[in-house]
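Below is one structure, written out as structure tokens, with a few remarks after it.
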């Protein structure tokens, strides 16, 4: 299977390079604006729920007409609340969180059609995005009118005799995967629309990872009463807190405007 995939992408590169040759700047720099939302224990199914404004910067290097290297820096916000759920057991659980998200991603764009800024024929295409990224989170909530950072409280017994788990890391890896469309607006400017989902390797964007609650008396004695209070806001000590079998996800969707750095390129089409 790996050999087949390698041959497939080599064929794309060879075919595309035979059609087009760029002898000027291949770099683009631009801005992106859109929204981010979260999928996890506090929002399992509702796409676009609690979407927050997001923005960032993007750099693109066009290797050839079907393949581009890309780097992007994105800032957004994620949040969810059981109080907004339609599921009664979730309302009874009564947990909530919000977190700023800072993401750095590096990867490749694969154009469905040949694309080049300023080309008279190939001035639009759909594309696929595959990246490796790192993001920074810090889940918080509001308790009795005061903003509280959740990680250091150890609401699931982290750092106590109740759990063997250590405090989760606020910096995590992700795999952004997306689809989009790009349109050339001349020799210098490109307009892009994109939606991309982020697979993460943590279940704690929302500070919820364990299936059950820990003993509130022991938690209060070892981590403090605030930790015990925010660990379980329901009336059921033996209910389900989260789902340890799944990880959290988040999504960015929006528009990008990129500008070519340097002079516009010249294309030479080869006839066969």
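In our numbering, the protein residues as written are 27 to 298. Beta carbons are placed, not taken as given, at the ideal position from N, Cα and C, and that holds for glycine. Predicted model only: the values in this text are computed from it and were never measured.
Three or more pairs of CB atoms, one per stretch, sit closer than 8 Å, so the segment 61–71 contacts the segment 261–274.
Note on residue 184: 16 or more other CB atoms within 10 angstroms of its CB, so buried under the neighbour-count rule.
Distance check between residue 134 and each of 195, 153, 123, 52 places 153 closest, using alpha-carbon atoms only.
DSSP, reduced to helix, strand and coil, places residue 272 outside both helices and strands of the structure shown, so it counts as coil.
With fewer than 16 neighbouring CB atoms inside 10 Å of its own CB, residue 243 falls in the exposed class.
If you keep only unbroken beta strand (DSSP E) runs of at least 3 residues inside the segment 162–228, you get 166–169, 172–175, 197–210, 215–226. Two segments are said to touch when three or more pairs of C-beta atoms, one from each, lie closer than 8 Å; by this definition the segment 55–64 touches the segment 271–287. Closest by C-alpha distance to residue 181, out of 143, 271, 245, 222, is 245. In this structure, the alpha-carbon of residue 256 lies about 8 Å from that of residue 121. Residue 164 has its alpha-carbon roughly 23 Å from the corresponding atom of residue 117. For secondary structure counted as the beta strand (DSSP E) over 3 or more consecutive residues, the segment 51–104 holds these complete runs in sequence order: 53–65, 78–90. Residue burial is scored here from C-beta neighbours: residue 72 has fewer than 16 other C-beta atoms within 10 angstroms and is therefore classed as exposed. Residue pairing for residue 286: DSSP places it in a beta bridge opposite 54. Taking every protein chain shown into account, the CB of residue 96 has 16 or more other CB atoms within 10 angstroms, so this residue is buried.
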